[in-house]
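If you count the sequence shown from 1, position 117 lands on 116 in numbering that gives the first Met the number 0, and the numbers rise without skipping.
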Amino acid sequence: MKRTDKNEYRNKVLLLDTVMGNINISGKEHYLHEYQAWNRALSYLLEENAYLKTRLAQVLDINTDKQFVDLAEHFQNSFIFNDELIREMEIDIRAQQEILKKSAMADLLKGDQEAFVKKQDKLRNEMEYFEKKFSQMKNEFNHYLVSHLKKTG
């Protein structure tokens with residue numbers, strides 16, 4: 000990171016601290032907000048994945064070239080796998096959310112906090128990783144379609 004980038008980042012953090020300084024957000028509220036954000040993201044990704052499957056079907060209706068169909072099958076499998084991952088993550092998030100709802104934050108702070116926080120970190124990392132991989136796959140698919148459209152005119 001360049002020196003100016005570091006200074007700019009530090010200034011943004013200081014501004015955020017100043018703005019947020021008077022706002023008291025509990026850990027529970029933060030986790031609940033995080034679950035809502037993840038659920039919105041997963042809902043969007045599920046919808047986007049459905050759109051990509053529809054787009055693939057539309058293109059396959061026009062083109063039956065063997066090489067195109069083989070690569071299309073690869074993408075179709077990726078889309079199906081994405082649906083499964085999204086459903087699994089939704090289940091994991093719901094389970095974590097239920098743990099938080101059932102136990103008071105004080106209980107989590109006493110003994111179960113470490114396991115809870117580890118699971119939360121794991122979910123956070125999984126969401127970040129999945130969003131990146133989904134974006135890459137979507138870009139690959141779009142490049143694939145564009146390159147094929149160039150060949151077919």
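Using N, Cα and C, we set each Cβ at its ideal position, and we do this for glycine too.
Helix, strand or coil at residue i [DSSP, three-state]
| i | result |
| --- | --- |
| Asp64 | coil |
| Ser102 | coil |
| Asn141 | helix |
Distance between residue j and residue i (C-alpha atoms, nearest Å)
| i | j | result |
| --- | --- | --- |
| Glu125 | Phe78 | 17 Å |
| Tyr43 | Phe133 | 11 Å |
| Ala40 | Glu97 | 19 Å |
| Phe148 | Glu87 | According to the sequence displayed, residue 148 carries Leu and not Phe. The straight-line gap from Cα to Cα measures roughly 35 Å. |
| Gly26 | Asn38 | 18 Å |
| Gln30 | Ala49 | Note that residue 30 is Tyr in the sequence shown, not Gln. The alpha-carbon atoms of Tyr30 and Ala49 are separated by roughly 28 Å. |
| Leu95 | Phe115 | Position check: residue 95 holds Gln in this sequence, whereas Leu was assumed. For Gln95 and Phe115, the distance between alpha carbons rounds to 8 Å. |
| Leu55 | Ala36 | 28 Å |
| Gln112 | Leu99 | 10 Å |
| Arg123 | Ser102 | 20 Å |
| Phe80 | Glu139 | 16 Å |
| Gln57 | Lys131 | 26 Å |
| Glu33 | Asp91 | 13 Å |
| His142 | Glu28 | 41 Å |
Same chain, Cβ closer than 8 Å to residue i, neighbours up to 5 away in sequence not counted
| i | result |
| --- | --- |
| Leu84 | Phe129 |
| Lys52 | Gln75 and Phe78 |
| Glu89 | Asn38 and Leu41 |
Cβ-based neighbour list, residue i, same chain, cut-off 6 Å, excluding 5 preceding and 5 following
| i | result |
| --- | --- |
| Arg93 | none |
| Met136 | Ser77 |
Contact set for residue i: own chain, Cβ-Cβ below 7 Å, skip 5 residues either direction
| i | result |
| --- | --- |
| Phe67 | His147 |
| Ala71 | Leu55 and Leu59 |
Specify whether the stretch 117–124 and the stretch 61–69 touch according to this definition: at least 3 beta carbon pairs, one from each stretch, less than 8 Å apart. Touching, no.
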